[in-house]
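Residue numbers (this note's numbering), protein chains in the order written: chain A, 1 to 88; chain B, 1001 to 1247.
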Amino acid sequence: MCTYVTENVEIAGSGKGANGWFSLGEASVYFDHPAHVPLEHSLNIDFLQPELGPSARVAVELDAASARRLAEAILSTLSQVPQELTQT
Amino acid sequence: MSDQMLAETIEIEGFGGDLIEAYFARPTGAGPYGSVVVIHHTPGYDEATKEITRKFAYHGYQAVCPNLYSREAPGASPDDAAATARAKGGVPDERLVGDVEGAARFLRSQPASNSKVGVIGYCSGGRQAFLSACNVEVDAAIVCYGASIVSDPPAGSPSKARSIIHLAPNVRCPILGLFGAEDKFPTPQEVAQLDAELDKYSKEHDFHIFEGAGHAFFAVDRPSYRPEVANKGWEKVWTFFGKRLGG
């Protein structure tokens, strides 16, 4: 694929895929050709658990503006929560 | 041309003797038929690529598309398999060559084969079609907007593909190249560089850079699809393979 920009981040949490819930270990964030959304490029996030194989994946594909709104919403939400609740 | 065909998922022997999944489409007549190895794009062994494989059968070729991600993601859906392969940097070149060799061997062994085999690849598969033209005994190769032939992928990319323009002296068959003028991977300048390199070694090739198209203009299920350019491209494909692989 063809913009290639990729960030991988270690994460802890759970995701719900085609076969139900599973624990997550990694997220891959990249801007590239999507599989489904009708855009030439999209901001794609794969929530993964590599130990469980390729099908342990929750995928989203967003247009760039949506991705920015989502990122801002995540940070905004976390900033409004009492700090002691977000320390892990 | 025959519209009667058989298409199905099979296993073929690829690199290192591994059995890998492949999609095989062929006319049901006695032949003899030319054959085509279809190399899928980075999004994988997907519905659109299987449609391309059937298109070759419709036009009178035996066609096989190996699932290049068989080993990373056996049984996974094409998009999950592609995500895994992407994260691992794509398909190693040596393995790709072995898989295409296996596919070509399989096609030549079919009773209806005329022994001629071509290869066509799209996107990352375009680079792999060029790699095949340098390493595999094939009679013709078509490179559709193959990136990373002339230049390495940008820094920070997970792709392990590296420039292979230095292999130009090893090209062993005629090459048809189909590119978009608005593509950035590869740019028209990179296409011109490859064109010049093949000229330098007197390698038979025919390159077309289409105006009004960028990357993936053949991809009917994507917004990059450009029907007019794709139709012109297919005409070039039929003429080129007709001459090189025809029965």
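Positions of the beta carbon are idealized from the N, C-alpha and C atoms, including for glycine. These numbers come from a predicted model, not from an experiment.
Please classify residue i as buried or exposed, where buried requires at least 16 other C-beta atoms within 10 Å of its C-beta.
{"i": "D1079 of chain B", "result": "buried"}
{"i": "T1028 of chain B", "result": "exposed"}
{"i": "T1084 of chain B", "result": "buried"}
{"i": "L48 of chain A", "result": "buried"}
{"i": "N1135 of chain B", "result": "buried"}
{"i": "N19 of chain A", "result": "exposed"}
{"i": "V74 of chain A", "result": "Per the sequence shown, residue 74 of chain A should be read as Ile rather than Val. Exposed is the call here."}
{"i": "R57 of chain A", "result": "buried"}
{"i": "I953 of chain B", "result": "Residue 953 of chain B is absent from the model: chain B starts at 1001 and stops at 1247."}
{"i": "D1183 of chain B", "result": "buried"}
{"i": "L1096 of chain B", "result": "buried"}
{"i": "E1051 of chain B", "result": "exposed"}
{"i": "P1066 of chain B", "result": "buried"}
{"i": "L1107 of chain B", "result": "buried"}
{"i": "Y1061 of chain B", "result": "buried"}
In angstroms with no decimal places, state the Cα-to-Cα distance between residue i and residue j.
{"i": "G1126 of chain B", "j": "Y1069 of chain B", "result": "16 angstroms"}
{"i": "N1114 of chain B", "j": "H1166 of chain B", "result": "32 angstroms"}
{"i": "K1236 of chain B", "j": "E10 of chain A", "result": "47 angstroms"}
{"i": "P1158 of chain B", "j": "F1179 of chain B", "result": "24 angstroms"}
{"i": "D1026 of chain B", "j": "A1112 of chain B", "result": "Note on identity: in this sequence residue 1026 of chain B is Arg, with Asp being the wrong assignment. Approximately 9 angstroms between the Cα atoms of the pair."}
{"i": "K1116 of chain B", "j": "A59 of chain A", "result": "41 angstroms"}
{"i": "Q1128 of chain B", "j": "G1214 of chain B", "result": "19 angstroms"}
{"i": "I1012 of chain B", "j": "I1020 of chain B", "result": "6 angstroms"}
{"i": "E61 of chain A", "j": "H33 of chain A", "result": "9 angstroms"}
{"i": "G1212 of chain B", "j": "P1186 of chain B", "result": "15 angstroms"}
{"i": "F1024 of chain B", "j": "K1232 of chain B", "result": "25 angstroms"}
{"i": "F1218 of chain B", "j": "K1055 of chain B", "result": "12 angstroms"}
{"i": "S119 of chain A", "j": "S76 of chain A", "result": "With chain A covering 1 to 88 only, the question about residue 119 of chain A has no answer from this structure."}
{"i": "S55 of chain A", "j": "V29 of chain A", "result": "17 angstroms"}
{"i": "E1204 of chain B", "j": "F1130 of chain B", "result": "13 angstroms"}
{"i": "G13 of chain A", "j": "G25 of chain A", "result": "7 angstroms"}
{"i": "A1161 of chain B", "j": "E51 of chain A", "result": "25 angstroms"}
{"i": "T86 of chain A", "j": "A1155 of chain B", "result": "34 angstroms"}
{"i": "V5 of chain A", "j": "Q1189 of chain B", "result": "22 angstroms"}
{"i": "L1006 of chain B", "j": "W21 of chain A", "result": "39 angstroms"}
{"i": "Y1145 of chain B", "j": "F1210 of chain B", "result": "11 angstroms"}
{"i": "A1168 of chain B", "j": "G1121 of chain B", "result": "17 angstroms"}
{"i": "Q1004 of chain B", "j": "Y1058 of chain B", "result": "7 angstroms"}
{"i": "G1044 of chain B", "j": "F1015 of chain B", "result": "18 angstroms"}
Considering only DSSP beta bridges, list what residue i is partnered with.
{"i": "Y30 of chain A", "result": "A:T6, A:N44"}
{"i": "H1205 of chain B", "result": "B:I1175"}
{"i": "A35 of chain A", "result": "Beta-bridge pairing links A35 of chain A to no other residue."}
{"i": "E84 of chain A", "result": "Paired residues: none, contrary to the question."}
{"i": "V58 of chain A", "result": "A:F47"}
{"i": "S14 of chain A", "result": "A:S23"}
{"i": "G1180 of chain B", "result": "B:F1210"}
{"i": "C1144 of chain B", "result": "B:Y1122, B:L1178"}
Using a threshold of 7 angstroms, is the CB atom of residue i nearer than that to any non-hydrogen atom of the ligand NAD?
{"i": "E1211 of chain B", "result": "Summarising the ligand content, the structure contains no ligands, and the ligand NAD is consequently not present."}
**OP:** Identify every run of the beta strand (DSSP E) within the segment 1072–1122 of chain B, keeping only runs that are complete inside it and at least 3 residues long; order them along the chain.
**Re:** 1113–1122
Subject >> Meets three-Cβ-pair contact criterion under 8 angstroms: the segment 1088–1105 of chain B and the segment 64–80 of chain A >> reply: no
Original post:
Enumerated in chain order, which unbroken segments of the alpha helix (DSSP H) with a length of 4 residues or greater are wholly contained in the segment 1003–1071 of chain B?
Top reply: 1047–1058
Original post:
For the 8 angstroms Cβ check, are there 3 or more pairs between the segment 1179–1195 of chain B and the segment 23–40 of chain A?
Top reply: no
Original post:
Enumerated in chain order, which unbroken segments of the beta strand (DSSP E) with a length of 3 residues or greater are wholly contained in the segment 1189–1238 of chain B?
Top reply: 1205–1210
Original post:
On the three-pair Cβ rule with 8 angstroms, is the segment 1141–1158 of chain B touching the segment 1169–1187 of chain B?
Top reply: yes
**OP:** Flag this pair as touching only if the segment 1030–1047 of chain B and the segment 1096–1106 of chain B have three or more C-beta atom pairs under 8 angstroms; answer yes or no.
**Re:** yes
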